[in-house]
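First comes the structure, then the notes that go with it.
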Amino acid sequence: MERIWKIAGLNIQQGEKVQTEIPVYDTKTEMSVTFIYGEHPGKTILITSGVHPAESTGIQASIQLAKELSPNIIHGKVIIIHLMNTPAFKEGRDITPEDGKNLNRVFPPNQNGTLTDKIAYFFWETFACNVDFYIDLHGCSAAWLNPHCYYVGVGEEHIIEQSRQAAKLLNLPYITQSVATNGAYNYAGTQGIPGILIERGECGYWKQTEVELFKKDIRNVLRHLQLLNDEMESVSMTPEEVENILYLYTECAGCWIPCIQTDELFVKGEKLGEIQDCFGQTLQTYYAKQDGVGLYMNCHLSVKEHDFLFAYASRSNQI
1333 MERIWKIAGL NIQQGEKVQT EIPVYDTKTE MSVTFIYGEH PGKTILITSG VHPAESTGIQ
1393 ASIQLAKELS PNIIHGKVII IHLMNTPAFK EGRDITPEDG KNLNRVFPPN QNGTLTDKIA
1453 YFFWETFACN VDFYIDLHGC SAAWLNPHCY YVGVGEEHII EQSRQAAKLL NLPYITQSVA
1513 TNGAYNYAGT QGIPGILIER GECGYWKQTE VELFKKDIRN VLRHLQLLND EMESVSMTPE
1573 EVENILYLYT ECAGCWIPCI QTDELFVKGE KLGEIQDCFG QTLQTYYAKQ DGVGLYMNCH
1633 LSVKEHDFLF AYASRSNQI
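According to our numbering, the sequence shown is numbered sequentially starting from 1333.
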């Protein structure tokens, strides 16, 4: 095991924790990053938050976790990027203000693109391309959320299975195999890096109870990957696998009136909600196209035509 870890222009000593701002090429953008070089050999794990900077629970969890993890208990190396998209964080948004792009929709990255593309390319080239596992922390900035996890679903079968085994450890109700390839962890999966995206925290707010659940989940995954060698922490539930996620969008502007709770079970044909005008008259009604459960739901009353309303999935089996 080399005693010097060379990464992002830094020379990090074994047994050292370094917290610093890393500039993104020649832009004015920086990433806030914690590097932990454990005193014992092991894998290299990447943890990111702030891909969508208005999803605050994951950011706060990554900040606290970085303070609590010490090199003397780590077997391997941990990279924690607290803010993937600093310009958007400063604006309290999920979209990069300079170019209007969503950082989690620009993979594979383009080095010669606009600022969001450069952030993605720098992230991949500097941090992600050589890690052994990737954990991406998300939540909802403008929606109610039923906590769940996506695991890498496009890639070699053993990469998918490694991702799924980690997802099964989490203390949340549902997990699902992703079919996307244009997000950060999805793209990493296509390049041979297993990973998961955890969704926890809703409507842009953060609560310490949810931060603690995030940290417990991450610590248990680190134990599973043998970066921590103490006992697994107990969990209160076993996640259930869901599939076939459907997305509901408005067909007209108006007031969104849901008829179910985000985490409520429902059957095909059941009324999910409706759009009303300001006199309470129904403009559009939405019904479930399958038996299922909600994952996240628009929390705003006012909606425009083609706005997102609700994501729901069908239940498969308990794992």
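Built from N, CA and C at the ideal position, the CB exists for glycine as well. On a predicted model such as this, the values are computed, not experimentally measured, just so you know.
Check your understanding: N1503: which of S1568, L1477, C1461 sits nearest, CA to CA?
Key -> Selected option, being the one with the closest Cα: S1568.
Review point. Using DSSP with H/G/I as helix, E/B as strand and the rest coil, what is S1648?
Key: Secondary structure of S1648 (DSSP, three-state): strand.
Review point. Since G1626 and F1642 are thought to touch, with beta carbons under 8 Å apart, how far apart are those beta carbons, to the nearest angstrom?
Key: Right, the Cβ-Cβ distance comes to about 6 Å (below 8 Å), so this counts as a contact.
Point to revise | Cβ contact (3+ pairs, closer than 8 Å) linking the segment 1586 to 1593 and the segment 1606 to 1621 | key: The segment 1586 to 1593, when compared against the segment 1606 to 1621, does touch it at the 8 Å Cβ threshold.
Exercise for review: For R1532, count neighbouring Cβ atoms within 10 angstroms of its own Cβ and tell me buried if that reaches 16, exposed if not.
Suggested key: Taking all protein chains in view, the Cβ of R1532 is crowded by 16 or more other Cβ atoms within 10 Å, so the residue is classified as buried.
Review point. Between the C-alpha atoms of E1387 and E1430, what's the straight-line distance to the nearest angstrom?
Key: Each residue's alpha carbon lies about 19 Å from the other.
Practice item. Count the other C-beta atoms from every protein chain shown that fall within 10 angstroms of the C-beta of H1490, then say buried if there are 16 or more, exposed otherwise. Key: Flag for H1490 reads exposed.
Exercise for review: Mark M1564 as exposed unless 16 or more other C-beta atoms lie within 10 angstroms of its C-beta, in which case mark it buried.
Suggested key: By the C-beta density criterion, M1564 is exposed, having fewer than 16 other C-beta atoms within 10 angstroms.
Review point. For A1452, which three-state DSSP category applies?
Key: In this structure, A1452 counts as helix in the three-state DSSP scheme.
**Study point:** For V1383, the nearest candidate out of Y1369, I1412, K1360, E1400 (CA to CA)
**Key:** Of all alpha-carbon atoms in Y1369, I1412, K1360, E1400, the one lying nearest the alpha-carbon of V1383 is that of I1412.
Point to revise | Distance CB(Q1346)-CB(E1371) smaller than 8 Å | key: Annotated as proximal: Q1346 and E1371, with beta-carbon spacing under 8 Å.
Check your understanding: Given L1545, which residues of its chain have a CB within under 7 Å of its CB, disregarding the five upstream and five downstream residues?
Key -> Taken in chain order, the residues that qualify are N1503, R1532.
Check your understanding: How about F1439 and A1340: are their beta carbons less than 8 Å apart?
Key -> No; because the gap between Cβ atoms is not below 8 Å, this pair is not in contact.
Point to revise | Coil, strand or helix - H1490 by DSSP | key: DSSP places H1490 in helix when its eight states are reduced to three.
**Study point:** Contacts around V1635, its chain only, beta-carbon distance under 6 Å, and the 5 residues preceding and following it disregarded
**Key:** Cβ within range, chain order: T1582, W1588.
Exercise for review: For the segment 1450 to 1470 and the segment 1353 to 1361, state whether three or more C-beta atom pairs, one from each stretch, are separated by less than 8 Å.
Suggested key: Cβ pair count under 8 Å is three or more, so yes.
Review point. Considering P1373, what are the terminal residues of the alpha helix (DSSP H) in which it resides?
Key: P1373 -> not in any alpha helix (DSSP H); beta strand (DSSP E) instead, spanning 1372 to 1380.
Review point. Assuming G1487 and G1521 make a contact with CB atoms under 8 Å, what is their CB distance in whole Å?
Key: The pair is a contact, with the Cβ atoms about 4 Å apart (cut-off 8 Å).
Review point. Which parts of the segment 1508 to 1585 are runs of the alpha helix (DSSP H), unbroken and 4 residues or longer, counting only runs that do not cross its ends?
Key: If we require 4 residues or more, the alpha helix (DSSP H) runs fully inside the segment 1508 to 1585 come out as 1516 to 1522, 1540 to 1556.
Practice item. Please check the pair P1526 and F1465, which I expect to be a contact at CB under 8 Å, by giving their CB distance rounded to whole angstroms. Key: That belief holds up - the Cβ atoms of P1526 and F1465 are roughly 6 Å apart, short of 8 Å.
Check your understanding: Who are the near neighbours of Q1650 in its chain, counting only those whose CB is closer than 6 Å to its CB and skipping five residues on each side?
Key -> Note on Q1650: pLDDT 48, under 50, position unreliable in the model; the coordinate value appears next. So the qualifying residues of the chain are E1572.
Practice item. Give me the Cα-Cα distance between K1409 and G1374, rounded to the nearest whole angstrom. Key: K1409 and G1374: Cα-Cα distance of roughly 7 Å.
Check your understanding: In chain order, what residues of the same chain have a beta carbon less than 6 Å from the beta carbon of K1349, not counting five sequence neighbours either side?
Key -> In chain order, I1368, P1403 place their CB closer than 6 Å to the CB of K1349, counting only its own chain and leaving out the 5 sequence neighbours on each side.
Point to revise | Three-state class that DSSP yields for G1432 in the structure shown | key: Coil, per DSSP.
Check your understanding: For L1469, which residues does DSSP report across the bridge?
Key -> Answer is I1530, bridged to L1469.
Point to revise | For N1444, the nearest candidate out of L1342, Y1579, Y1357, V1574 (CA to CA) | key: When only C-alpha atoms are compared, the closest one is Y1357.
**Study point:** Limits of the beta strand (DSSP E) - the one that A1475 falls within
**Key:** Counting along the chain, the beta strand (DSSP E) containing A1475 begins and ends at 1475 to 1477.
Review point. With distances taken between CB atoms, is the gap from Y1482 to R1496 smaller than 8 Å?
Key: Using a Cβ distance threshold of 8 Å, Y1482 and R1496 do not count as a contacting pair.
**Study point:** Contact check, Q1392 vs V1543, beta carbons under 8 Å
**Key:** Yes; because the gap between Cβ atoms is below 8 Å, this pair is in contact.
Review point. What residue from N1462, Y1519, P1419, A1498 has the CA that sits closest to L1557's CA?
Key: Checked all of N1462, Y1519, P1419, A1498; the closest Cα to L1557 is A1498.
Practice item. Within 10 angstroms of the Cβ of N1630, are there 16 or more other Cβ atoms? Answer buried if so, exposed if not. Key: Counting every other CB atom within 10 Å of its CB across the protein chains shown gives N1630 a total of 16 or more, marking it as buried.
Check your understanding: Can the beta-carbon of G1485 be found closer than 8 Å to that of V1463?
Key -> Contact flag unset, no.
Exercise for review: Have a look at L1633 and D1562 and give me their C-alpha separation to the nearest angstrom.
Suggested key: The straight-line gap separating the alpha-carbon atoms of L1633 and D1562 is approximately 47 Å.
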